[in-house]
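Throughout the sequence shown, residue numbering follows my numbering, covering 27 to 629 in sequence. Note that the Cβ used here is the ideal one computed from N, Cα and C, for glycine as well. What you are looking at is a predicted structure, and each value in this text was computed from that prediction instead of being measured.
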Amino acid sequence: MSPFMSKYEVHNQPVEVILAWLTSGEIAIPEIQRPFVWDTTKVRDLLDSLYQGFPIGYLITWQNPNVRLKDGKESYGKKVLIDGQQRVTALAAAVLGCQIINAEYRETRIKIAFNPLREEFEVCNPAIENDASWISDIAPLYSSTANTLAILKSYMALNPTADQDSIFATLQNLLNIKSRQIGIIELAHELDIETVTEIFIRINSKGVVLGQADFAMSKIASSEEYNGPLIRNAIDYFCHMAVEPGFYTTIKNVDTEFAKTDYFQMMSWLKNENDDIYDPDYSDMLRVVLISKFGRGKFSDLVNLLSGRNFDTRTFESRIAEESFATLEQGIRDYMREANFKRFLMIVRSAGFIDASFIRSQSALNFSYALYLTLRDQGYDSGSIERWVRRWFVMSLLTGRYSGGAPDSAFDADIRGLKANGMEALMRNAEAMLLTDTFWDVTIAQGLETSVVTSPLWGVFLASQVKKKAKGFLSRDITVEELVLHMGDIHHVFPKDFLKKNGLTKGKYNQIANYVYMQSEINIKIGKKAPRVYFQVIEDQIVNGGMKLGSNITTIEELKENLEMNCIPDSVMDMDFDNYEEFLASRRILMARYMKHYYLEVL
27 MSPFMSKYEV HNQPVEVILA WLTSGEIAIP EIQRPFVWDT TKVRDLLDSL
77 YQGFPIGYLI TWQNPNVRLK DGKESYGKKV LIDGQQRVTA LAAAVLGCQI
127 INAEYRETRI KIAFNPLREE FEVCNPAIEN DASWISDIAP LYSSTANTLA
177 ILKSYMALNP TADQDSIFAT LQNLLNIKSR QIGIIELAHE LDIETVTEIF
227 IRINSKGVVL GQADFAMSKI ASSEEYNGPL IRNAIDYFCH MAVEPGFYTT
277 IKNVDTEFAK TDYFQMMSWL KNENDDIYDP DYSDMLRVVL ISKFGRGKFS
327 DLVNLLSGRN FDTRTFESRI AEESFATLEQ GIRDYMREAN FKRFLMIVRS
377 AGFIDASFIR SQSALNFSYA LYLTLRDQGY DSGSIERWVR RWFVMSLLTG
427 RYSGGAPDSA FDADIRGLKA NGMEALMRNA EAMLLTDTFW DVTIAQGLET
477 SVVTSPLWGV FLASQVKKKA KGFLSRDITV EELVLHMGDI HHVFPKDFLK
527 KNGLTKGKYN QIANYVYMQS EINIKIGKKA PRVYFQVIED QIVNGGMKLG
577 SNITTIEELK ENLEMNCIPD SVMDMDFDNY EEFLASRRIL MARYMKHYYL
627 EVL
């Protein structure tokens with residue numbers, strides 16, 4: 027017997043019962059006020075499947091726990107639909123005629139038409155509305171006041187040549203959609219998040235992984251007694267506006283009730299914000315709030331706290347739920363606050379991370395923002411906060427501290443360590459354990475042995491060049507920062523076409539250690555030349571005023587200084603194809619040393 031059999035029940039319910047649960051509030055659909063992501067043709071196909079008697083997959087509900095109220099009584103937990111939200115929303119739209127929220131966050135109707143002669147469904151359009159053979163909107167047919175014989179009579183009046191008995195049977199089959207059975211898997215409320223996630227993955231035929239942040243958002247949205255729907259909207263709107271500032275106008279014009287709230291006022295600064303260094307989604311925001319306000323790193327703890335879980339007695343209490351929602355709201359407000367968000371971005375940029383492409387770990391950003399908010403709450407002075415957050419952020423990227431699919435445990439350990447021992451001890455212990463001599467001398471160089479430009483080490487290297495105001499390769503005046511922001515691109519020290527001509531594959535010539543930021547005009551003049559050839563041109567330009575290569579370097583000393591700030595060994599000036607592997611190995615070591623100096627001496 028499966029270990030999960032006692033943890034959930036499987037049963038069937040007719041469509042009309044499920045829709046009745048929805049209208050009565052017995053079951054909560056957290057997504058009902060979010061944009062409907064299905065194409066309208068999928069709504070049509072869903073109705074056709076039900077009409078034909080085909081299965082449409084299981085719905086999965088998870089019952090909120092029973093909560094002990096302050097007066098000692100128990101409140102029965104509401105069912106939350108955690109899978110099947112789009113299907114039930116589609117049914118509510120097509121059968122009940124409910125409004126849905128479109129991609130522009132505007133309420134709209136999805137009208138599904140039906141042709142009794144051909145027994146076909148279609149999304150309503152002007153042509154269908156003008157075609158008497160179609161019922162342009164099936165929703166009125168399912169109204170409690172609808173009369174089947176009257177509907178038949180009306181249809182036959184417009185289609186007098188149709189076979190009345192056949193049309194009557196077809197209409198009956200159409201109305202029988204509301205009696206079609208849908209399978210429901212009802213998960214017990216005592217299941218922990220990890221078990222619910224595993225059951226979901228095992229059952230879900232689409233193989234979609236439901237994130238624990240989705241459970242948290244479902245919990246928030248279904249908790250009307252604690253302002254949950256408003257909180258959910260605030261989270262969604264902030265994250266949407268962070269990516270699309272123009273969404274401010276949509277909220278103001280469409281969701282006029284939300285536009286009156288202080289949440290909207292707090293996030294209104296985003297309408298003029300175009301910085302894309304940190305564009306969070308709802309899971310990022312919840313993660314930061316969980317760490318900074320609750321002092322925990324696991325989403326399962328957030329869901330439990332919002333449910334009112336007493337971790338000592340293992341019971342659920344309304345007092346704890348109320349306090350947890352109040353803490354959540356305060357955390358969201360602190361997260362959204364313009365001064366906090368911009369100050370954090372300033373710290374990230376001050377470390378040299380001036381472009382979003384430099385940052386390959388959203389988790390490192392999340393924890394660093396949580397760290398900023400935590401230190402601020404603990405009363406650290408601004409200078410100390412900036413120094414600690416900057417170093418922790420870079421250390422996290424260098425070491426891949428929060429890499430991988432489940433950083434929860436690392437988040438949890440770090441925030442608990444901070445709370446218990448203070449920031450200085452946390453930083454000291456982490457650096458002693460992670461940033462060893464072996465790490466600086468061996469691990470980084472090995473990590474740079476890759477052609478993957480999304481490597482976090484490449485991003486840290488570029489940030490270190492920006493921070494140390496390095497010039498672009500073979501440039502006297504143009505910095506790496508200027509090249510990144512305005513006019514430059516990544517090019518190759520050993521030209522790509524030169525290496526391809528000598529038989530190297532993409533993975534070989536596109537090594538990170540062969541990359542530099544360089545002015546395009548210099549790169550064009552280098553062309554397919556081997557380093558020893560184009561450096562000879564540069565030396566001739568310096569010594570004899572020879573052919574220009576696009577570089578304004580005028581002395582050998584300037585040239586060597588430029589090579590040093592780009593971590594290029596001097597020996598490159600005499601290198602040809604046979605020296606390529608030697609060059610890569612040497613440059614990796616120099617890049618590692620450069621990053622070590624950046625971290626230990628510059629940050």
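Rounded to whole angstroms, how far is the Cβ of residue i from the Cβ of residue j, which I believe are closer than 8 Å?
{"i": "V314", "j": "A396", "result": "5 Å"}
{"i": "D630", "j": "Y131", "result": "In this structure the chain extends from 27 to 629, so residue 630 is not present and cannot be described."}
{"i": "M621", "j": "I470", "result": "6 Å"}
{"i": "R614", "j": "L474", "result": "5 Å"}
{"i": "P21", "j": "L423", "result": "Outside the shown range of the chain (27 to 629) lies residue 21, about which nothing can therefore be said."}
{"i": "W160", "j": "A116", "result": "Actually they do not touch by this definition, with Cβ atoms about 20 Å apart."}
{"i": "I303", "j": "A382", "result": "5 Å"}
{"i": "I138", "j": "A158", "result": "That pair is no contact at about 18 Å."}
{"i": "E212", "j": "E35", "result": "5 Å"}
{"i": "L73", "j": "A118", "result": "About 12 Å separates the two Cβ atoms, so there is no contact after all."}
May I ask which residues mark the beginning and end of the beta strand (DSSP E) holding residue i?
{"i": "I40", "result": "With the sequence shown as reference, residue 40 is identified as Pro, and Ile is not the correct amino acid for it. First-last of the beta strand (DSSP E) with P40: 34 to 40."}
{"i": "M599", "result": "Run containing M599: none; DSSP gives neither H nor E here."}
{"i": "Q207", "result": "207 to 213"}
{"i": "A139", "result": "138 to 141"}
{"i": "L632", "result": "No answer is possible for residue 632: it lies beyond the span of the chain, which begins at 27 and ends at 629."}
{"i": "F147", "result": "146 to 149"}
By the DSSP assignment, the alpha helix (DSSP H) with residue i in it spans what residues?
{"i": "I411", "result": "408 to 425"}
{"i": "G533", "result": "532 to 535"}
{"i": "I552", "result": "546 to 552"}
{"i": "G473", "result": "470 to 473"}
{"i": "I317", "result": "308 to 320"}
{"i": "R402", "result": "388 to 403"}
{"i": "V69", "result": "66 to 78"}
{"i": "D240", "result": "238 to 248"}
{"i": "E155", "result": "152 to 155"}
Grouping DSSP H, G and I as helix and E and B as strand, with all else coil, what is residue i?
{"i": "M459", "result": "helix"}
{"i": "G443", "result": "helix"}
{"i": "L178", "result": "helix"}
{"i": "Q89", "result": "strand"}
{"i": "R363", "result": "coil"}
{"i": "L1", "result": "Residue 1 cannot be examined here, being either before or after the span of the chain that is shown, 27 to 629."}
{"i": "A432", "result": "coil"}
{"i": "K622", "result": "helix"}
{"i": "V479", "result": "coil"}
{"i": "T115", "result": "helix"}
{"i": "V542", "result": "strand"}
{"i": "N173", "result": "coil"}
{"i": "A188", "result": "coil"}
{"i": "I579", "result": "coil"}
{"i": "A129", "result": "coil"}
{"i": "L349", "result": "In the sequence as presented, Leu is not what sits at residue 349; that position holds Glu. The answer is helix: DSSP assigns E349 an H, G or I state."}
{"i": "N570", "result": "helix"}
{"i": "F342", "result": "strand"}
{"i": "I161", "result": "strand"}
{"i": "A54", "result": "strand"}
{"i": "R335", "result": "strand"}
{"i": "S231", "result": "Note on S231: pLDDT 49, under 50, position unreliable in the model; the coordinate value appears next. Residue state, collapsed to three classes: coil."}
{"i": "M27", "result": "Any reading at M27 needs caution, since the residue's pLDDT is 38, under 50, leaving its predicted position unreliable; the model's value is listed next. M27: coil per DSSP, three-state reduction."}
Output yes if chain D places a C-beta closer than 8 Å to the C-beta of residue i; else output no.
{"i": "L460", "result": "Going by chain labels, chain D is absent from the structure shown, which holds only one protein chain."}
Starting from the N-terminal side, write out each stretch of the beta strand (DSSP E) that is 3 residues or longer and does not extend beyond the stretch 493 to 526.
Within the stretch 493 to 526, the complete beta strand (DSSP E) runs of at least 3 residues fall at 515 to 518.
Which ranges does the alpha helix (DSSP H) cover as unbroken runs of at least 4 residues, wholly within the stretch 257 to 304, from first to last along the chain?
Counting whole runs of 4 or more residues, the stretch 257 to 304 contains the alpha helix (DSSP H) stretches 273 to 280, 282 to 285, 288 to 293.
Counting Cβ pairs, one atom from each stretch, are 3 or more of them under 8 Å apart for the stretch 587 to 601 and the stretch 445 to 457?
With a cut-off of 8 Å, the stretch 445 to 457 and the stretch 587 to 601 do not count as touching, because too few Cβ pairs lie within range.
Is the stretch 505 to 517 touching the stretch 461 to 477 in the sense that three or more CB pairs, one from each, lie closer than 8 Å?
Too few Cβ pairs lie closer than 8 Å, so no.
Contact between the stretch 577 to 588 and the stretch 482 to 490: three or more CB pairs below 8 Å?
The stretch 577 to 588, when compared against the stretch 482 to 490, does not touch it at the 8 Å Cβ threshold.
So does the stretch 409 to 424 actually touch the stretch 363 to 375, counting three or more Cβ pairs closer than 8 Å?
Taking 8 Å as the limit for Cβ pairs, the verdict is that the stretch 363 to 375 does touch the stretch 409 to 424.
Contact between the stretch 243 to 262 and the stretch 331 to 340: three or more CB pairs below 8 Å?
As far as the Cβ criterion goes, the stretch 243 to 262 touches the stretch 331 to 340, which means the pair count is three or higher.
Can you find at least 3 beta carbon pairs, one from the stretch 252 to 261 and one from the stretch 349 to 359, that sit closer than 8 Å?
In this structure the stretch 252 to 261 lies against the stretch 349 to 359, because at least three pairs of beta carbons, one per stretch, are closer than 8 Å.
Under 8 Å, with one C-beta from each stretch per pair, do the stretch 544 to 559 and the stretch 598 to 612 reach the 3-pair mark?
Result yes; three or more Cβ-Cβ pairs closer than 8 Å.
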